[in-house]
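**Student:** Residue numbers (our numbering): 17 to 324.
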Amino acid sequence: MRTIGAAIIGCAVLLIVFPGAARSGTAALADARRIVDDAGRTITVDRPFRRIISLYPAHTENLFALDAGDQVVGVSPSETYPREALQKPVFSSHDGAEKFLAAQPDLILARPMIDQAYGPLLAQLEGLGIKVVSVQPHTVAEMFTYWRILGTLTGTRARADQMIAEFERSVAEFRRRAPAADQRPKVYFESIHGKMKTFAPESMAVFALTTAGGVNVAADAEPVSGTNIAAYGKEKLLERGAEIEVYLAQVGPMNRTSLEIIRNEPGFQVIRAVREGRVFLIDEGLVSRPTMRLLDGIAAIAQQIYPN
């Protein structure tokens with residue numbers, strides 16, 4: 017199946033490597049292919065993997081977008097999209113090795129957080145001959161390589177390249193429609209309300225914001241290492257309050273906030289967007305996942321900041 021939205025991610029830490037060639041996430045594929053994941057594992061892909069357990073919803077969503085949904089034999093407990101993924105058997109990093117083995121997987125797709133927290137389980141499965149690949153891109157600049165790697169793993173590289181081309185065309189059209197720079201509103205994009213965190217300047221969420229025609233007021237935020245989140249702090253946020261024309265917050269498992277919580281936050285009345293009623297929420301699945309639905313996120317942000 018094909019999803020609607022998109023994100024560009026070429027992994028600096030997840031590379032397709034060719035013997036005798038410099039490491040490059042965008043180099044052309046050769047017959048002999050090796051993948052180095054975020055944990056430093058090297059995987060040689062002699063043939064597509066046909067029985068995949070995905071432990072991260074973004075991996076699952078991308079596998080279906082690559083038309084490799086039939087190769088998925090298990091998914092994480094956190095799946096929400098696409099609908100077909102909800103019919104797959106559920107696997108958790110809390111499950112024992114026996115449950116994984118019963119599904120006869122040839123590949124387990126994880127991400128660094130799972131790799132670090134449940135290393136012994138994954139190591140046990142690797143010891144039993146099951147390949148493990150751990151990857152989680154954080155920036156739009158990393159997504160292309162990520163898609164190509166998934167395409168390499170599943171034998172759907174042509175579809176991965178097609179997704180990239182579709183994404184580029186859509187982004188070009190969004191940028192063509194965006195207003196002139198001096199007409200773009202200044203936006204604060206909240207990632208985690210309780211910790212007063214925003215998004216890293218190079219994150220997918222900020223890419224979506226700027227592509228939609230917004231100006232990131234927190235461009236000076238300090239990224240948290242290894243994530244797309246950035247520290248900002250309430251004091252600094254309130255200092256910029258008069259500049260903030262739109263207050264945007266992702267909402268979902270990472271940030272269980274609401275319009276009421278934001279509007280009633282002590283001190284937030286100094287924020288222009290709060291006073292003027294320009295506070296908006298957006299599904300974190302549309303802005304924080306490296307999937308085709310990032311395009312939907314861009315469209316949603318554009319509609320919020322330019323309602324007319």
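No residue lacks a Cβ here, since even glycine has one placed at the ideal position from N, Cα and C. Because the structure is a prediction, the values reported are computed rather than measured.
Would you mind working out which of Tyr248, Arg175 and Thr307 sits nearest methionine 159, comparing C-alpha positions?
**Tutor:** Position 143 of the sequence shown, counting from 1, holds the residue named residue 159. With distances taken between Cα atoms, methionine 159 lies closest to Thr307.
**Student:** Kindly indicate which three-state DSSP category arginine 291 falls into: helix, strand or coil?
**Tutor:** For this step, residue 291 is matched to residue 275 along the sequence shown. In the structure shown, arginine 291 sits in a helix (DSSP, three-state: H, G or I).
**Student:** What separation, rounded to the nearest whole angstrom, lies between the Cα atoms of lysine 213 and alanine 139?
**Tutor:** Mapped onto the sequence shown, residue 213 falls at position 197. Mapped onto the sequence shown, residue 139 falls at position 123. Roughly 34 Å between the two C-alpha positions.
**Student:** Taking contact to mean 3 or more Cβ pairs, one atom from each stretch, closer than 8 Å, check whether the region 165-180 and the region 227-245 are in contact.
**Tutor:** Contact fails: fewer than three Cβ-Cβ distances are below 8 Å.
**Student:** Below 8 Å between beta carbons: does that hold for isoleucine 321 and alanine 197?
**Tutor:** Numbered from its first residue, the sequence shown carries residue 321 at position 305. Numbered from its first residue, the sequence shown carries residue 197 at position 181. Not closer than 8 Å, so no.
**Student:** Mark lysine 250 as exposed unless 16 or more other C-beta atoms lie within 10 angstroms of its C-beta, in which case mark it buried.
**Tutor:** To locate residue 250, count along the sequence shown from 1; it is residue 234. Result: exposed.
**Student:** Hey, how far is the Cα of histidine 209 from the Cα of leucine 310?
**Tutor:** Numbered from 1 along the sequence shown, position 193 holds the residue referred to as residue 209. Numbered from 1 along the sequence shown, position 294 holds the residue referred to as residue 310. Taking the straight line joining both Cα atoms gives about 21 Å.
**Student:** At 3 residues or longer, what runs of the beta strand (DSSP E) sit wholly inside the region 108-182?
**Tutor:** Correct list: 123-126 and 147-150.
**Student:** For glutamine 178 and phenylalanine 107, what's the separation of their Cα atoms in angstroms?
**Tutor:** Residue numbering aside, residue 178 sits at position 162 when the sequence shown is read from its first letter. Residue numbering aside, residue 107 sits at position 91 when the sequence shown is read from its first letter. In a straight line, the C-alpha of glutamine 178 is about 30 Å away from that of phenylalanine 107.
**Student:** Would you list the one or two residues that DSSP bridges to isoleucine 298?
**Tutor:** As a position in the sequence shown, residue 298 is number 282, starting the count at 1. Answer is Gln266, bridged to isoleucine 298.
**Student:** Straight-line CA distance for tyrosine 97 to arginine 305?
**Tutor:** As a first step, residue 97 is located in the sequence shown; it is residue number 81 there, counting from the start. As a first step, residue 305 is located in the sequence shown; it is residue number 289 there, counting from the start. Distance between the alpha carbons of tyrosine 97 and arginine 305: 11 Å.
**Student:** How about phenylalanine 205 and leucine 302: do their beta carbons lie closer than 8 Å?
**Tutor:** Stepping through the sequence shown from its first residue, residue 205 is reached at position 189. Stepping through the sequence shown from its first residue, residue 302 is reached at position 286. The answer is no: Cβ separation not under 8 Å.
**Student:** Less than 8 Å between the CB atoms is what I'm expecting for isoleucine 51 and valine 148, so what's the real figure, rounded?
**Tutor:** By 1-based counting over the sequence shown, the position of residue 51 is 35. By 1-based counting over the sequence shown, the position of residue 148 is 132. Contact doesn't hold; Cβ gap of about 11 Å is too wide.
**Student:** Near histidine 75, which residues of its chain fall below 6 Å by C-beta distance, leaving aside the five closest residues on each side in sequence?
**Tutor:** Indexing the sequence shown from 1 puts residue 75 at position 59. Counting only Cβ-Cβ distances below 6 Å, and skipping sequence neighbours, we find Leu125.
**Student:** Which same chain residues, not among the five before or five after leucine 102, have their C-beta less than 7 Å away from its C-beta?
**Tutor:** In the sequence shown, residue 102 corresponds to position 86, counting from 1. Around leucine 102: Glu95.
**Student:** Just checking, does the region 239-257 make contact with the region 283-297 on the three C-beta pairs under 8 Å criterion?
**Tutor:** Taking 8 Å as the limit for Cβ pairs, the verdict is that the region 283-297 does touch the region 239-257.
**Student:** From alanine 37 to valine 222, what does the alpha carbon distance come to, in whole angstroms?
**Tutor:** Here the question's residue 37 lines up with position 21 in the sequence shown. Here the question's residue 222 lines up with position 206 in the sequence shown. Confidence in alanine 37 is poor, its pLDDT being 30 and thus under 50, which makes the residue's placement unreliable; the coordinate value appears in the next sentence. If you take the alpha carbons of alanine 37 and valine 222, they lie about 33 Å apart.
**Student:** Measure the beta-carbon distance from arginine 67 to glutamine 87 and round it to whole angstroms, keeping in mind my assumption that it falls under 8 Å.
**Tutor:** Against the sequence shown, residue 67 aligns to sequence position 51. Against the sequence shown, residue 87 aligns to sequence position 71. Correct: roughly 7 Å between the Cβ atoms.
**Student:** Which term fits alanine 246, buried or exposed, when burial requires 16 or more other beta carbons within 10 angstroms of its beta carbon?
**Tutor:** Here residue 246 is taken as the residue at index 230 of the sequence shown, counted from 1. It is buried - the Cβ of alanine 246 has at least 16 other Cβ atoms within 10 Å.
**Student:** When DSSP builds the beta bridges, which residues end up paired with threonine 60?
**Tutor:** Working through the sequence shown from its first residue, we reach residue 60 at position 44. In DSSP, threonine 60 forms a bridge with Arg50.
**Student:** Consider the C-beta atom of leucine 264 and the heavy atoms of the ligand FAD; say whether any pair is separated by less than 7 Å.
**Tutor:** Among the components modelled here there is no ligand, and therefore nothing to report on the ligand FAD.
**Student:** Are isoleucine 260 and lysine 202 close, meaning C-beta to C-beta below 8 Å?
**Tutor:** Taking the sequence shown and counting its residues from 1, one reaches residue 260 at position 244. Taking the sequence shown and counting its residues from 1, one reaches residue 202 at position 186. Cβ atoms of isoleucine 260 and lysine 202: closer than 8 Å.
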